[in-house]
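Participant: This is the structure, below, for whatever I ask next.
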Amino acid sequence: MRGYLAFVKKELLEQVRTYKLLILLLVFFIFGMLSPLMAKLMPEILSQMPMDGITITIPDPTAIDSYSQFFKNLTQMGLIVLVLLFSGTLTTELSKGTLINVLTKGVTRYAVILAKYTVALVLWSFALLMALGVTYGYTAYFFSQDEIHHLLASVGCLWLFGVLILSLLMWAQTLVGNQYGSLLMVGIFVAGLFVLNLFPIFQDYNPIALVSENVAMLSQDYDISQLMSTSLISVILSIAFLALALTTFKNKRI
């Protein structure tokens, strides 16, 4: 336990030293701020554009538009930034051989993986909550939020998908041993989820629903219980990927 906590502290300091923490928080803060601002200003921007005599009626923006921008930004660029920042958290140390000194000092291989995963999970959770707080504040200032329902559940689904991706990313790094290979594994996995979603038989169980149904979930009529199976499968996959990461790294020659 002492080795695990010491390595968690080391990882947190490493995220600060390499500016990864700063980049993650800055990007998510910008996304959180831009989402309601874009929803508010986009109709005005479009109204100023020359339409060559074409009349376009632009509806007034609402809180739904703000959160639509929020989820669009974070389910696309937000997750990409997350993956890029943590895709080398293990492979960099493997390539440099710096883990050898750590392991010879009594820190177990399990502690290394769990510490790195813990730090990634904490930073992902904090960045997401920060972005949500910024978006919520600006949205409350610009719009009425009476029409918004299940917001925390919707954000929770996005969070769970990030947890799943981080688990896969950790296993990928122990398996292939390089950053590009781990990125490729994550890309293939996500692409596979999109392909599976083309078949109705898989749609009720596909984790991709966690990042594709977020805006729809904000409706009062949306039955969030229909995502229970998807959420359960995502939790199981997350645990499985993390277990595979622990097992693979335990048997890996460094």
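Each residue of the sequence shown is one higher than the last, beginning at 1 in UniProt numbering.
Ideal Cβ placement from N, Cα and C applies to all residues, glycine included.
Computed from a predicted structure; not experimentally measured.
In chain order, what residues of the same chain lie with their CB nearer than 6 Å to the CB of F70, ignoring the 5 residues before and after it?
Facilitator: Within the same chain, F70 has close Cβ partners S35 and T135.
Participant: Quick one: Cα of K116 to Cα of A216, how far?
Facilitator: Using only the alpha carbons, I get a separation of about 34 Å.
Participant: Taking the C-alpha atoms as reference points, what is the distance between V176 and L90?
Facilitator: Taking the straight line joining both Cα atoms gives about 11 Å.
Participant: If you follow the alpha helix (DSSP H) that I233 is part of, which residue opens it and which one closes it?
Facilitator: Counting along the chain, the alpha helix (DSSP H) containing I233 begins and ends at M228 to K250.
Participant: Thinking C-beta only, is S87 closer than 8 Å to L183?
Facilitator: Cβ distance < 8 Å, so L183 and S87 count as in contact.
Participant: Can you give me the C-alpha to C-alpha distance between F29 and M77, rounded to a whole angstrom?
Facilitator: Between F29 and M77, the C-alpha separation is close to 13 Å.
Participant: What does a CB cutoff of less than 8 Å around I100 pick up in its chain, not counting 5 residues either side in sequence?
Facilitator: Correct list, in chain order: I254.
Participant: Check L79 in the structure and name its three-state DSSP category.
Facilitator: In this structure, L79 counts as helix in the three-state DSSP scheme.
Participant: Would you tell me roughly how many angstroms separate the C-alpha atoms of D204 and V102, rounded to the nearest one?
Facilitator: Each residue's Cα considered, the two are about 44 Å apart.
Participant: Within the stretch 134 to 192, note down every full alpha helix (DSSP H) run reaching 4 residues or more, in order along the chain.
Facilitator: Listed in chain order, they are 151 to 176.
Participant: According to DSSP, simplified to helix, strand and coil, what is L90?
Facilitator: The answer is coil: DSSP assigns L90 none of H, G, I, E or B.
Participant: Indicate whether the contact test is met: 3 or more Cβ pairs, each with one atom in the stretch 149 to 163 and one in the stretch 228 to 241, closer than 8 Å.
Facilitator: Yes: at least three Cβ pairs fall under 8 Å.
Participant: Quick check on this structure: which residue in V81, L5 and E147 has the alpha carbon closest to the alpha carbon of T108?
Facilitator: Out of V81, L5 and E147, L5 has the C-alpha closest to the C-alpha of T108.
Participant: Quick one: what's got a C-beta closer than 7 Å to N197's C-beta in the same chain, skipping five residues either side?
Facilitator: Cβ within range, chain order: Q203, N206 and I208.
Participant: Assuming the contact rule is C-beta atoms closer than 8 Å, A153 and I80 should be a hit. Round their C-beta distance to whole Å, please.
Facilitator: Wrong, their Cβ atoms sit about 24 Å apart, outside the cutoff.
Participant: Going by DSSP, what residue range makes up the alpha helix (DSSP H) through Y67?
Facilitator: Residues A63 to N73.
Participant: I'd like to check one pair, F241 with G128: are the Cβ atoms closer than 8 Å?
Facilitator: As written in the sequence, residue 128 is Leu, which differs from the Gly given in the question. For L128 and F241, no; Cβs fall outside 8 Å.
Participant: At the level of alpha carbons, what is the spacing between L41 and D60?
Facilitator: Those two C-alpha atoms are separated by around 10 Å.
Participant: Which of helix, strand or coil does DSSP assign to F202?
Facilitator: DSSP places F202 in helix when its eight states are reduced to three.
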